[in-house]
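Visitor:
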Amino acid sequence: MSGTLMPSSTERPALVWLRDDLRLDDNPALAAAQASGRPLLLAFLLDEESPGLRPLGGAARWWLSHSLKALAATIEAKGGRLLLRRGMALDALTRLAGDVNAQAVYWNRRYGAAEIAVDTAVKSALTAAGVAVESFGGNLLHEPWTVATQSGGPFRVFTPFYRRARMQAPRTPSQTRLPWRFAPYPEGERLENWALEPSRPDWAGGLRETWTPGEEGARDALTRFLDGGITGYADERDRPDRTSTSRLSPHLRFGEIAPHRILAAVRHAEAGASAAPRDVEKFVSELYWREFSYHLLFHYPDIGTANFNDRFDAFAWQNAPALLRAWRRGMTGYPIVDAGMRQLWQTGWMHNRVRMVAASFLIKHCLTDWRQGEAWFWDTLVDADAANNPASWQWVAGSGADAAPYFRIFNPVAQGEKFDPDGDYVRRYVPELTALPSNVVHRPWEATPDVLRRAGVRLGETYPRPIVDHAAARDRALERFQPIRGD
Numbered sequence: 001m002s003g004t005l006m007p008s009s010t011e012r013p014a015l016v017w018l019r020d021d022l023r024l025d026d027n028p029a030l031a032a033a034q035a036s037g038r039p040l041l042l043a044f045l046l047d048e049e050s051p052g053l054r055p056l057g058g059a060a061r062w063w064l065s066h067s068l069k070a071l072a073a074t075i076e077a078k079g080g081r082l083l084l085r086r087g088m089a090l091d092a093l094t095r096l097a098g099d100v101n102a103q104a105v106y107w108n109r110r111y112g113a114a115e116i117a118v119d120t121a122v123k124s125a126l127t128a129a130g131v132a133v134e135s136f137g138g139n140l141l142h143e144p145w146t147v148a149t150q151s152g153g154p155f156r157v158f159t160p161f162y163r164r165a166r167m168q169a170p171r172t173p174s175q176t177r178l179p180w181r182f183a184p185y186p187e188g189e190r191l192e193n194w195a196l197e198p199s200r201p202d203w204a205g206g207l208r209e210t211w212t213p214g215e216e217g218a219r220d221a222l223t224r225f226l227d228g229g230i231t232g233y234a235d236e237r238d239r240p241d242r243t244s245t246s247r248l249s250p251h252l253r254f255g256e257i258a259p260h261r262i263l264a265a266v267r268h269a270e271a272g273a274s275a276a277p278r279d280v281e282k283f284v285s286e287l288y289w290r291e292f293s294y295h296l297l298f299h300y301p302d303i304g305t306a307n308f309n310d311r312f313d314a315f316a317w318q319n320a321p322a323l324l325r326a327w328r329r330g331m332t333g334y335p336i337v338d339a340g341m342r343q344l345w346q347t348g349w350m351h352n353r354v355r356m357v358a359a360s361f362l363i364k365h366c367l368t369d370w371r372q373g374e375a376w377f378w379d380t381l382v383d384a385d386a387a388n389n390p391a392s393w394q395w396v397a398g399s400g401a402d403a404a405p406y407f408r409i410f411n412p413v414a415q416g417e418k419f420d421p422d423g424d425y426v427r428r429y430v431p432e433l434t435a436l437p438s439n440v441v442h443r444p445w446e447a448t449p450d451v452l453r454r455a456g457v458r459l460g461e462t463y464p465r466p467i468v469d470h471a472a473a474r475d476r477a478l479e480r481f482q483p484i485r486g487d
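If you're matching positions, the sequence shown starts at 1 in full-length UniProt numbering and goes up one per residue.
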């Protein structure tokens, strides 16, 4: 680690504060710092102290560790270093800017209320100290305040939001400038001292087998998707038994790739006839669903803790720790739900269709407050973020913006048979059901004793019986909903 030699007054560095934008490509804050002509200092600050910031979940901490390693290696290959510091941003960043005599600090914006408060305070302190601050929109296609209704307010329904947002042309992805110039590297911290990865026990083996965090991993995932995964996307994206989704969500979560780069790539594929317009349009709509979630987070900052529809404040949730525990462990007795929950635990990710089914089961079959499910996903998903996670849980619960109606209660058997018709997804993650024939793999309790015996399944022993009856649970959920219908 080098010393703290300061640049001369004419070579005061441009300090880039990296957060959820762990990439060099198409990074507006970095591009502006390079355009200043000053030597660069790229820094990541682990802030677990600022008021209101939500600590990362375990899976996200694992991803962050590997993403920072990858970014540091990329920067070192260009002759620089990634500076790591830890502490409350207001103190740590202003101290760093003073230590290195920074001419300006650059960052890409964040959209949660606590993050905005932190950034506002840091900007005020730096400006008072004579340090220029520039912020940019780097992680969304459109800044949340630029997409408004006719009356100038925020949207609460996706379709009109999507129509209005698409009227604005996203910026063209930018390239980093050459050559790279770096400032002297001051004293920093060692990543391994942050203990971001699990050790006792080390539960991340499945994550390591499944993912390649970092900018290169993001590019590779996009290439794989465009080379084949996007074909049939509109029809097959709901099939968890197939490789039919992009799996770009964790890379987007940590900003290892910009949505502008993804959008430009899929449009290029469409123009070159290597991707069908119908598949592209469906995928683009999913990018904009992410935009809508951030639109909601910005305009309704308590979306992660409060019902968007306050009628649900009076809903009579039940306290059922045994049901919650069975759901978390993938032991509900409903194979599609259990496969999803085990995929989540093993890989830190779950197919989106199965996320909806699993969430609906917890909320409506088990009458468990959506916030308990959101908290579990926050801790176990590598792609959990403050916008998509709660917005999606509220959508399923019926309490959110543009939500599915509460009385839409997924039948886990029907969902499994429709979207995993041969049972391949279930067998992959619920191996105790591997030998069951497809016609009963999603309803093992209906298999004859002889079929169960030949498959080596002993209900209640090797695999649980359903923890609730679907029909009875559906009726109970609808009954609980009646007092708050508000029709």
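Note that CB positions come from ideal geometry on N, CA and C, so glycine has one too. Bear in mind the structure is a predicted one, so any value in this text is a computation, not a measurement.
Three or more C-beta pairs under 8 Å: does that hold for the region 66–76 against the region 203–214?
Guide: Because the criterion of three Cβ pairs below 8 Å is met, the region 66–76 and the region 203–214 touch.
Visitor: Which same chain residues end up closer than 6 Å to Pro-198 when comparing Cβ atoms and leaving out the 5 residues on each side of it in sequence?
Guide: Counting only Cβ-Cβ distances below 6 Å, and skipping sequence neighbours, we find Ala-204.
Visitor: Less than 8 Å separating the beta-carbons of Phe-182 and Trp-289?
Guide: In this structure, Trp-289 does not lie closer than 8 Å to Phe-182 by Cβ.
Visitor: With DSSP collapsed to three states, give me the class of Asp-469.
Guide: Three-state DSSP puts Asp-469 in coil, outside helix and strand.
Visitor: Mind listing, in chain order, the continuous beta strand (DSSP E) runs of no fewer than 3 residues lying wholly within the region 397–441?
Guide: Whole beta strand (DSSP E) segments, 3+ residues: zero.
Visitor: Determine the closest residue to Val-16 out of Phe-44, Asp-279, Asp-26 and Thr-305, with distance taken between C-alpha atoms.
Guide: The shortest Cα separation from Val-16 among Phe-44, Asp-279, Asp-26 and Thr-305 belongs to Phe-44.
Visitor: Out of Pro-144, Arg-54 and Ala-471, point me to the one whose CA is closest to Leu-296's CA.
Guide: Among Pro-144, Arg-54 and Ala-471, the Cα nearest to that of Leu-296 is on Pro-144.
Visitor: Could you pull the start and end residues of the alpha helix (DSSP H) that Trp-62 belongs to?
Guide: Run containing Trp-62: 58–77, per the alpha helix (DSSP H) assignment.
Visitor: How many angstroms separate the CA atom of Arg-443 from the CA atom of Glu-115?
Guide: The alpha-carbon atoms of Arg-443 and Glu-115 are separated by roughly 46 Å.
Visitor: Between the region 301–308 and the region 384–391, do at least 3 Cβ pairs fall closer than 8 Å?
Guide: At 8 Å Cβ cutoff, the stretches touch.
Visitor: Among the residues of its own chain, which have a CB less than 8 Å from the CB of Thr-176, if the five just before and after it don't count?
Guide: Cβ within range, chain order: Leu-24, Asp-25, Asn-27, Leu-30, Ala-31 and Gln-34.
Visitor: Compute the beta-carbon to beta-carbon distance between Val-131 and Val-100, rounded to the nearest angstrom, for a pair I have assumed lies under 8 Å.
Guide: In fact, because the Cβ distance is near 10 Å, the residues do not count as touching under 8 Å.
Visitor: DSSP three-state call for Phe-308: helix, strand or coil?
Guide: Coil.
Visitor: Report the three-state DSSP secondary structure of Val-16 (helix, strand or coil).
Guide: Val-16 falls in the strand class under three-state DSSP.
Visitor: Hey, Asp-469 and Arg-156: beta-carbon distance below 8 Å or not?
Guide: Cβ distance not < 8 Å, so Asp-469 and Arg-156 don't count as in contact.
Visitor: Between the alpha carbons of Ile-363 and Pro-335, how many angstroms are there, rounded?
Guide: Their backbone Cα atoms lie some 17 Å apart in a straight line.
Visitor: Starting from Arg-85, follow its DSSP beta bridges and name the residues at the other end.
Guide: Answer by DSSP bridge pairing, in chain order: Leu-45.
Visitor: Hey, could you find the ends of the beta strand (DSSP E) Ala-132 is sitting in?
Guide: 132–136 is the extent of the beta strand (DSSP E) around Ala-132.
Visitor: According to DSSP, is Pro-90 part of a helix, a strand, or is it coil?
Guide: A small fix is needed here, since residue 90 is Leu in this sequence, not Pro. Helix at Leu-90.
Visitor: Per DSSP, Val-105 forms a beta bridge with which residues?
Guide: DSSP output for Val-105 lists Leu-15 and Val-133 as bridge partner(s).
Visitor: Can the beta-carbon of Asp-21 be found closer than 8 Å to that of Gly-255?
Guide: The answer is yes: Cβ separation under 8 Å.
Visitor: According to DSSP, is Tyr-463 part of a helix, a strand, or is it coil?
Guide: Strand at Tyr-463.
Visitor: Our contact map puts Val-122 next to Leu-93 with C-beta atoms below 8 Å; I'd like the distance itself, whole angstroms only.
Guide: Rounded, the Cβ-Cβ distance is 5 Å, consistent with contact.
Visitor: Which residues in the same chain have their Cβ closer than 7 Å to the Cβ of Phe-481, if we skip the five residues on either side of it in sequence?
Guide: Closer than 7 Å at the Cβ level, and outside the excluded window around Phe-481, lie Tyr-406 and Phe-407.
Visitor: Rounded C-beta distance between Leu-18 and Leu-41? I'm assuming under 8 Å.
Guide: The pair is not a contact, with the Cβ atoms about 11 Å apart (cut-off 8 Å).
Visitor: Since His-365 is in the alpha helix (DSSP H), which residue starts that stretch and which ends it?
Guide: Looking at the DSSP string, His-365 is not in any alpha helix (DSSP H), and its letter there is neither H nor E.
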